[in-house]
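Working notes, structure below.
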Amino acid sequence: MRGMKARWVLGLAACAALSAEAFELDKSVMSDKYWQIWSPAEQARIDADIERFRKADMEVEGLPAGVEVKVDQLTHAFVFGAHLFNFNQLGSDERNARHQAMFGHDSLFNSATISFYWRPFEPEEGKPRFAATYEDTAEYWNKLENPWADWRWRRPASDPCVEFCEKKGIRSHGHTIAWGSDFWQTPSWYYDKGVAELPFMKNFLRTVSLSAVDKSQESRGKKGTTGDVFMPYKGSTYGVRYQSDPAKLKEFLSMSVEELEAKAPKFVKALNDIWERRTVELARHYGKRVQSWDVVNESSVDYGLGVIIPGDKICRSHYGPLPGDYPYVTLKCAEKAFPPEVKLNINDYQFGYNNAYGRQVTELLRRGAKVDIVGAQMHLFDYKKTLGIAAGEEIQTPKQVRAIMDRLAAPGRPIHLSEITVTSPGDDEKGRMIQAVALYNL
């Protein structure tokens with residue numbers, strides 16, 4: 003891992019670790035306008051809320067007055083975690099040890115998120131990567147000059163991660179079971195199931211460079227941020243991903259549900275069977291060893307588009323072909339397959355879009371789906387946004403964050419701040435300090 007610049011990779015873990023070591027924040031890196039937003043009055047309100055919601059009084063009975071009582075708190079109900087996506091992949095035993103030492107009830111994190119992204123988890127159908135191979139060992143990763151060029155980067159085998167959590171006595175969280183993303187999640191062999199009945203499904207996925215994704219975003223009037231996120235990986239195979247061929251996706255979306263069900267009944271059945279098999283397989287393998295799961299990830303756009311329809315066997319998702327009514331069906335399958343104490347989460351980042359996410363959660367609960375926790379993502383992938391925050395622009399202000407939390411709380415379920423990214427504006431002392439201050443307050 004020589005020469006690697008991990009500007010954004012450390013994120014939450016790095017800043018939290020600095021805080022844990024009594025790291026002093028240099029407030030001068032932020033503008034006066036920023037500190038008007040995060041004012042002393044705002045800080046006092048935050049502190050008061052911590053006292054109100056995150057602390058409790060304790061009464062000790064049966065002891066004489068004046069006796070000194072010492073209490074060592076071993077655990078707490080507040081879940082504070084980070085991902086284990088780079089488990090044993092950080093390039094040296096010393097780095098791996100420092101990373102892993104941050105997990106544990108006597109350390110910083112009492113929870114860890116474990117990668118179950120479908121494509122790298124099951125690159126060949128029927129061969130899930132539960133158990134570790136040599137390619138999952140620290141010895142293998144310590145030898146790599148360009149670790150991000152390996153397709154297993156940030157996608158380790160799951161069993162060693164679960165065992166690590168058990169050894170540390172902390173909870174583990176699985177991410178993710180059901181997600182339609184052609185870019186990150188869905189295996190190519192999944193789409194191949196439809197070729198016989200729908201010839202255009204052949205090579206449904208195409209390789210695309212991240213710079214091309216940026217250009218595509220810019221052509222649609224959006225800022226290109228992907229290249230910034232993956233800046234350390236440009237020129238490597240990690241800088242290439244798969245995306246549905248626009249022409250093939252357009253042809254798929256041109257067909258109605260009725261046409262698809264009539265023309266491709268075997269494909270439709272295969273999609274539903276495969277999704278059910280994946281959920282059941284994870285439940286049987288781990289039972290209650292993984293305490294919570296992002297069962298459904300980033301489905302609110304489909305809900306807002308009106309393509310998630312009860313009774314349909316296939317969904318005309320903006321991602322591509324998915325099982326019909328897939329959020330509800332997958333949650334019901336997970337409820338049946340997992341032990342009752344396992345928490346089933348839904349997770350998303352779209353908090354606008356006519357409150358589609360909040361409405362979706364409310365409807366799922368009304369229909370009897372088990373939604374234990376509502377996940378909320380917050381990604382500042384573009385370093386320009388971090389600079390904007392430092393300059394005092396209204397990006398993720400306390401008022402904005404509270405409004406989002408209030409909307410997500412409306413269905414009456416706990417909220418899990420599931421994914422947080424704050425990109426540093428530079429790999430230097432000032433850039434890292436801006437990142438640290440922004441993350442500390444957020």
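Here my numbering runs 2 ahead of the position in the sequence shown, where the first position is 1.
The C-beta atom is built at its ideal place from N, Cα and C for all residues, glycine as well.
These numbers were taken from a predicted model, which means no experiment stands behind them.
What is the residue span of the beta strand (DSSP E) that Pro-66 lies within?
First-last for Pro-66: undefined, no H or E at that position.
Can Ser-302 and Tyr-244 be called in contact, C-beta distance under 9 Å?
no
Rounded to a whole number of angstroms, what is the C-alpha to C-alpha distance between Gln-187 and Tyr-119?
5 Å
Where DSSP assigns a beta bridge to Met-380, which residues make up the other side?
Ile-422
Between the C-alpha atoms of Val-73 and Lys-35, what's the straight-line distance to the nearest angstrom?
42 Å
Can you list, in chain order, the stretches of the beta strand (DSSP E) that have 3 or more residues and sit fully within the region 68 to 98?
83 to 85
Report the partner residues of Gln-245 according to the DSSP bridge assignment.
DSSP, once it has assigned bridges, lists Arg-208 as partnering Gln-245.
Identify, in the order they occur along the chain, each residue of the same chain with its Cβ nearer than 7 Å to the Cβ of Ser-137, setting aside the five sequence neighbours on each side.
What sits at residue 137 in the sequence shown is Glu, not Ser. Excluding positions up to five away in sequence, the list reads Arg-154.
If we count the other Cβ atoms within 10 Å of its Cβ and call it buried at 16 or more, is Leu-200 buried or exposed?
Answer is buried; the Cβ neighbour count reaches 16.
For the region 103 to 114 against the region 69 to 86, are there 3 or more C-beta pairs whose distance is under 8 Å?
Contact between the region 103 to 114 and the region 69 to 86 is present, because at least three Cβ pairs lie under 8 Å.
In this structure, how does DSSP classify Lys-1 when only helix, strand and coil are distinguished?
Nothing about residue 1 can be reported from this structure: the residues present for the chain run from 3 to 444 only.
Compare the C-alpha of Leu-284 against each of Gly-390, Ala-180, Pro-427 and Glu-141 and name the closest.
The shortest Cα separation from Leu-284 among Gly-390, Ala-180, Pro-427 and Glu-141 belongs to Ala-180.
Could you tell me whether the Cβ of Thr-209 comes closer than 9 Å to any Cβ of chain B?
Given the protein chain composition of this structure (a single chain), no chain B is represented.
For the 8 Å Cβ check, are there 3 or more pairs between the region 308 to 327 and the region 131 to 145?
With a cut-off of 8 Å, the region 131 to 145 and the region 308 to 327 do not count as touching, because too few Cβ pairs lie within range.
Could you have a look at His-107 and say whether DSSP puts it in helix, strand or coil?
coil
Name the one or two DSSP bridge partners that Val-298 has.
DSSP, once it has assigned bridges, lists Ala-180 and Ile-348 as partnering Val-298.
Just to confirm, are Ser-294 and Gly-390 a CB contact at a threshold of 9 Å?
No.
Assign Ser-398 to one of two classes, buried (16 or more other C-beta atoms within 10 Å of its C-beta) or exposed (fewer than that).
Inspection of the sequence shows that residue 398 is occupied by Gln rather than by Ser. Answer is buried; the Cβ neighbour count reaches 16.
In chain order, what residues of the same chain have a beta carbon less than 8 Å from the beta carbon of Arg-173, not counting five sequence neighbours either side?
Val-81, Gly-83, Asn-112, Ser-113, Ala-114, Cys-167, Gln-293 and Ser-294
When you compare only the Cα positions, how much space is there between Asp-216 and Ala-103?
Reliability of the predicted coordinates at Asp-216 is poor, the pLDDT of 47 falling under 50, and the value obtained from them is presented with this limitation in mind. Rounded to the nearest whole angstrom, the C-alpha separation of Asp-216 and Ala-103 is 37 Å.
By a C-beta neighbour count over all protein chains shown, 10 Å radius and 16 as the cutoff for buried, is Asn-205 buried or exposed?
So Asn-205 counts as exposed.
Taking the Cβ atom as the reference point for each residue, do Ser-426 and Thr-364 lie within a distance shorter than 9 Å?
It is not a contact, given that the beta carbons lie outside the stated cut-off.
Drop a sphere of 10 angstroms on the beta-carbon of Ile-39, count the other beta-carbons inside from all chains shown, and report buried for 16 or more, exposed for fewer.
By the 10 Å Cβ count, Ile-39 comes out buried.
Excluding sequence positions up to five away, which residues of its chain have a Cβ less than 7 Å from the Cβ of Glu-253?
Phe-202
Please state whether DSSP places Leu-307 in a helix, a strand or coil.
helix
Quick one, are the C-beta atoms of Thr-178 and Asn-299 less than 9 Å apart?
yes
Over what stretch of residues does the alpha helix (DSSP H) that includes Thr-332 continue unbroken?
328 to 339
Does the beta-carbon of Asn-356 have 16 or more other beta-carbons within 10 angstroms, so that it is buried, or is it exposed?
exposed
Where Asn-90 and Gly-68 are concerned, what is the direct C-alpha to C-alpha distance, given to the nearest angstrom?
50 Å
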